[in-house]
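Novice: Quick one: the structure is below, questions incoming.
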């Protein structure tokens, strides 16, 4: 079982290699949630996530026993980059097996950190099978989470939090395979047992919650999630033993809540967090944790590696969720000036039109009518209500479906 002493040894190894990431107080979040909210910014860690800590620590523990073929890992994202960069720093050859669907940006990032990228498998499970094949051929496999050396490296985050905020009362931590929360919980509960450790999962793949309910790790069906870094079908066996013993609560969040949290971090704090890194804020926003009022709360922003195309879609989804964009359609007489009059009503309400779609040929439309769909940037739900009232007052029948 992982012990505090092992985490302290990991911290000594990582000193001067991994960054001691900032713990930032947020006035905005603190006032919004009636708590003292701090952000532990692991998105500013080397390779953009906490994974570098565990990977580097693991490699230092085994490098004297490695063969000439080096190490192999399987990952679609952060673990890949963490292992590749750590191996490069130690001049250890590394092969990173990624699923065929892994984003080009993550492939290129992994290559830039020194890893040899191998695309194999239509799922991460198939990629893991390929990695195990390479292990049988002489490479050493680096597990992404269910390994005590990996967990000890991640646990150094807990040491830093207690050092930076000795009065910490609760820590919200993303949970996928469980290595991050197992490491942090071991460190924090050893130093400050009264601190609450709360795990947060994506509802689309809540394997740790299922394991806690059934008393053992089980496979769960995984739906697509923008928090792909924590979409792990089965929590790690070693990690789960620690979760059972030390974690005080485990909650899940929905996709729209994650997208909104990503948008809020970017707009309000200028922090780019990936979906997995934003789930602690999503849990706080979701009002599941009212018992945190007035307490010193740390949100672990575990990473900031997000594909730019996905980021654009997520931010757009977040804008709709937070009523910053509305879409509606109306039917207009197909006569000169009809569209201009509609646009004037929107402009008079200070709505910013982003897109206009004008359909004259729909089979369901009477010949004298056209259908216009507008997408409008707004200031929030009150502004949307103002727009809808103005449209209604000017005789428009609005469809917001």
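Numbering (the working numbering), first residue to last: 935 to 1335. Cβ atoms here follow ideal geometry from the backbone N, Cα and C, with glycine treated the same way. These figures come from a predicted structure and were not determined experimentally.
1. Classify residue 949 as buried or exposed, calling it buried when 16 or more other Cβ atoms lie within 10 Å of its own Cβ.
2. Using the C-alpha atoms, what's the distance from residue 985 back to residue 1112?
3. Would you report the Cα separation of residue 1095 and residue 1027, rounded to the nearest angstrom?
4. Please work out which residues of its chain come closer than 7 Å, Cβ to Cβ, to residue 1137, disregarding the five sequence neighbours upstream and downstream, and give them in chain order.
5. With three or more C-beta pairs closer than 8 Å as the rule, is the region 1202-1216 touching the region 1125-1142?
6. Nearest CA to the CA of residue 1141: which residue from 1130, 1154, 1131?
7. Does the pairing of the region 1073-1080 with the region 1273-1280 give three or more beta-carbon distances under 8 Å?
8. How is residue 1288 classed by DSSP in three states: helix, strand or coil?
9. If I measure Cβ to Cβ from residue 1022 and keep anything under 8 Å in the same chain, skipping five residues before and after, which residues do I get?
10. Evaluate residue 1205 with the Cβ neighbour count: other Cβ atoms within 10 Å of its Cβ, from every protein chain shown; 16 or more gives buried, anything less gives exposed.
11. Per DSSP, what kind of secondary structure is residue 976 in: helix, strand or coil?
12. Measure the beta-carbon distance from residue 1131 to residue 1232 and round it to whole angstroms, keeping in mind my assumption that it falls under 8 Å.
13. So residue 1178 is in the alpha helix (DSSP H); what residue range does that whole segment cover?
14. Do residue 977 and residue 1220 have their C-beta atoms within less than 9 Å of each other?
15. I'd like to know whether the C-beta atoms of residue 1284 and residue 1257 end up nearer to each other than 9 Å.
16. Below 9 Å between beta carbons: does that hold for residue 1252 and residue 1165?
17. At a cut-off of 8 Å, is residue 1106 close to the ligand NAP when judged by its beta-carbon and the heavy atoms of the ligand?
18. Label residue 1002 either buried or exposed according to how many other C-beta atoms from any shown protein chain fall within 10 Å of its C-beta, with 16 as the threshold for buried.
19. Where does residue 1029 fall in DSSP's three states?
20. How is the alpha helix (DSSP H) around residue 995 delimited, first residue to last?
21. In chain order, what are the residue ranges of uninterrupted beta strand (DSSP E) at least 3 long that sit wholly in the region 1104-1128?
22. Between the region 1117-1129 and the region 1240-1247, can you find at least three pairs of beta-carbon atoms closer than 8 Å?
23. Below 8 Å on the Cβ atoms is my contact criterion, and I expect residue 1145 with residue 1122 to pass it. Report the Cβ-Cβ distance as a whole number of Å.
24. If you draw a straight line from the C-alpha of residue 1087 to the C-alpha of residue 971, how long is it?
25. Using only the alpha-carbon positions, how far apart do residue 1018 and residue 951 sit?
26. Given a threshold of 16 other Cβ atoms within 10 Å of its Cβ, counted over all protein chains shown, does residue 962 qualify as buried or as exposed?
27. Can you have a look at residue 1056 and say buried or exposed, based on whether 16 or more other CB atoms are within 10 angstroms of its CB?
28. Could you have a look at residue 1306 and say whether DSSP puts it in helix, strand or coil?
29. State the CB to CB distance for the pair residue 1032 and residue 936, rounded to an integer number of angstroms; the pair is presumed to be in contact (CB under 8 Å).
30. In its own chain, which residues sit with a C-beta less than 7 Å from the C-beta of residue 1143, not counting the 5 before and 5 after it?
31. If you scan the region 1021-1089 from start to end, which runs of the alpha helix (DSSP H) of 4 or more residues do you find wholly inside it?
32. Rounding to the nearest angstrom, what Cα-Cα distance links residue 958 and residue 1255 in this structure?
33. Taking only three categories from DSSP, how would you classify residue 966?
34. Report buried or exposed for residue 1083, applying the criterion of at least 16 other Cβ atoms within 10 angstroms of its Cβ.
35. Just tell me which of 1125, 955, 1091 has its CA closest to the CA of residue 1114.
Specialist: So, from the data block:
1. With a 10 Å radius around the Cβ and a threshold of 16 neighbouring Cβ atoms, residue 949 comes out exposed.
2. Rounded to the nearest angstrom, the two C-alpha atoms are 12 Å apart.
3. The straight-line gap from Cα to Cα measures roughly 33 Å.
4. Closer than 7 Å at the Cβ level, and outside the excluded window around residue 1137, lie 1186, 1187, 1188.
5. Result yes; three or more Cβ-Cβ pairs closer than 8 Å.
6. Minimum Cα distance to residue 1141 is reached at 1154.
7. Between the region 1073-1080 and the region 1273-1280 there are fewer than three C-beta pairs closer than 8 Å, too few to call the two in contact.
8. Looking at residue 1288 - three-state DSSP - the assignment turns out to be strand.
9. Answer for residue 1022: 1028, 1047, 1048, 1049, listed in chain order.
10. By the beta-carbon neighbour count (other beta carbons within 10 angstroms, threshold 16), residue 1205 is buried.
11. Residue state, collapsed to three classes: helix.
12. Between residue 1131 and residue 1232 a beta carbon distance of about 10 Å is seen, past the 8 Å cut, so the two are scored as non-contacting.
13. Under the DSSP assignment, residue 1178 falls in the alpha helix (DSSP H) whose first and last residues are 1171-1180.
14. Residue 977 is not a Cβ neighbour of residue 1220, given a cutoff of 9 Å.
15. No.
16. Not a contact, by the Cβ cut-off of 9 Å.
17. In the structure on display, the ligand NAP does not appear, and there are no ligands present to speak of.
18. Exposed, because fewer than 16 other Cβ atoms sit within 10 Å of the Cβ of residue 1002.
19. DSSP places residue 1029 in strand when its eight states are reduced to three.
20. Annotation for residue 995: the continuous alpha helix (DSSP H) segment containing it runs 985-996.
21. You should have 1104-1108.
22. The region 1240-1247 is not in contact with the region 1117-1129.
23. Incorrect: roughly 21 Å between the Cβ atoms, too far for contact.
24. Straight-line Cα distance between these residues: approximately 25 Å.
25. Near 15 Å, if we compare the C-alpha coordinates of residue 951 and residue 1018.
26. Answer is exposed; the Cβ neighbour count stays below 16.
27. Result: exposed.
28. The DSSP-derived three-state label of residue 1306 is strand.
29. Contact flag wrong, Cβ pair sits at about 28 Å.
30. Within the same chain, residue 1143 has close Cβ partners 1135, 1184, 1186.
31. 1038-1046, 1058-1070, all fully within the region 1021-1089.
32. So the alpha carbons of these two residues sit roughly 26 Å apart.
33. In this structure, residue 966 counts as helix in the three-state DSSP scheme.
34. The residue is buried, with at least 16 neighbouring Cβ atoms inside 10 Å.
35. Checked all of 1125, 955, 1091; the closest Cα to residue 1114 is 1091.
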